[in-house]
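Here's the structure we're looking at; comments come further down.
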Amino acid sequence: MALDLVTIPALSDNYTFLLHDSESGATAVIDVPEAGPVDAALKDRGWTLSEIWLTHHHDDHIQGVEELLSRHPARVTGARADKGRLPPLDRALSEGDSFDFGGEEVFVMEVPGHTVGHIAFHLPGSAIAFTGDSLMALGCGRVFEGTMDQMWQSLQKFLTLPAGTTLCSGHEYTAKNAEFALTIEPDNAALKSRADAITAARARGEPTVPSKLSDELATNPFLRAADEPVRRNLDMMDAPAAEVFAEIRRRKDGF
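Positions in the sequence shown are counted from 1; adding 549 to them yields our numbering.
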């Protein structure tokens, strides 16, 4: 039986997610920008929180954990490499580690760049990945702590996932990301179509997250740094893909 996935807006432009197994009753929340919206979503559905999974240490992803735990005792999972900057962890994991949730295996991916201890959670059985602020809808996180090369290598890991994977990222940045992406590939028909759909969705007040990896492969400039149209538009045909990525990230930082 498929797991239930719920997308919950939080703060001004964050997202948190609930993942629920109806057979066992297990419920996980992935990142906790604030406790209130999670409480409300649990109450509306009659679910009991059993797990908290954290992608990275930034306050807008963890600041609601303590309050949430005061009402919902739950097992907290995060990166072993960053346990000193995360809330107290019951389960500290690294690249290649896995655990069971609702009868499915959850794999941990280390994806440094945005932070040096950033991780993602991949559930192959449900074709879902929780990517936090690493790979995002039409974008990627700013490189705050790691290096450009680290972020590029992290993004390459997502290319190994099936194209139909649902990507649950941490922010509603997609409209701005689309505006920037069009400066990199103004003739990309798939990107133009997606940008129009994003504008319409936001006008209706609908989230643009999660997204599909297949859409990111076709439209996200940060995944397309090795592709000829992007290289040509940047006049970087002979540059290594990592250098092309770094140039795109620098341009986005100043956009």
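Heads up, the beta-carbon is just placed ideally off N, CA and C, and yes, glycines get one too. Keep in mind that this is a model prediction, so the values were computed, not measured.
Could you name the residues of the same chain whose beta carbon sits closer than 6 Å to that of residue i, not counting the 5 residues immediately before and after it, in chain order?
i    : result
M785 : V793
G651 : L552, D570, S573 and A575
T626 : W602 and R640
M700 : G662 and V692
V758 : Y564, A686 and S718
In angstroms with no decimal places, state the Cα-to-Cα distance between residue i and residue j.
i    : j    : result
T664 : S643 : 15 Å
G690 : I797 : 12 Å
I733 : C717 : 24 Å
P756 : E721 : 7 Å
F729 : H621 : 40 Å
L617 : I611 : 10 Å
G645 : A791 : 24 Å
L560 : N782 : 37 Å
L567 : M685 : 18 Å
I677 : A788 : 33 Å
A623 : L704 : 30 Å
P711 : L762 : 8 Å
D609 : H667 : 14 Å
L740 : G595 : 39 Å
E694 : A724 : 25 Å
E496 : L708 : Residue numbering for the chain in the displayed model covers 550 to 804; residue 496 lies beyond these limits and cannot be assessed.
H605 : L638 : 12 Å
D593 : P586 : 11 Å
D631 : A795 : 25 Å
A767 : R753 : 24 Å
H607 : A746 : 30 Å
F679 : M697 : 21 Å
Where do the ends of the beta strand (DSSP E) carrying residue i lie?
i    : result
N563 : N563 to H569
M786 : Per DSSP, M786 belongs to no beta strand (DSSP E) and is neither H nor E.
L672 : I668 to L672
E659 : E653 to E659
F804 : From DSSP, F804 is part of no beta strand (DSSP E); its letter is neither H nor E.
T723 : From DSSP, T723 is part of no beta strand (DSSP E) but of the alpha helix (DSSP H) over T723 to I733.
S718 : T715 to S718
F679 : I677 to G681
E694 : Unbroken run through E694: none, as it is neither H nor E.
Along the chain, where does the alpha helix (DSSP H) that runs through residue i open and close?
i    : result
P778 : E777 to N782
G585 : A584 to R594
E765 : L762 to T768
T748 : A738 to A752
D646 : Here D646 belongs to no alpha helix (DSSP H), and DSSP marks it neither H nor E.
Assuming residue i contacts residue j under a Cβ cut-off of 8 Å, what Cβ separation, rounded to an integer in Å, is found between them?
i    : j    : result
N726 : P778 : No, N726 and P778 are not in contact; Cβ-Cβ is about 18 Å, not under 8 Å.
N563 : L687 : Contact doesn't hold; Cβ gap of about 17 Å is too wide.
T597 : V578 : Going by Cβ atoms, the distance from T597 to V578 rounds to 12 Å, so no, they are not a contact pair.
V655 : L672 : 5 Å
G674 : D580 : That belief does not hold up - the Cβ atoms of G674 and D580 are roughly 21 Å apart, past 8 Å.
R743 : D764 : 6 Å
S647 : A669 : The pair is not a contact, with the Cβ atoms about 13 Å apart (cut-off 8 Å).
Based on DSSP bridge pairs, tell me the residues matched to residue i.
i    : result
H610 : Partner(s): none; H610 has no beta bridge.
P558 : Y564
S815 : Outside the displayed range of the chain (550 to 804) lies residue 815, so it cannot be described from this structure.
R773 : Partner(s): none; R773 has no beta bridge.
G627 : A641
T576 : H569
E600 : A577 and R624
G688 : M685
Going by beta carbon distance, what residues of the same chain come within less than 8 Å of residue i, once the five residues before and after it are set aside?
i    : result
R800 : F729, T732 and I733
D802 : R691
E615 : P636
G713 : A676, K761, L762 and S763
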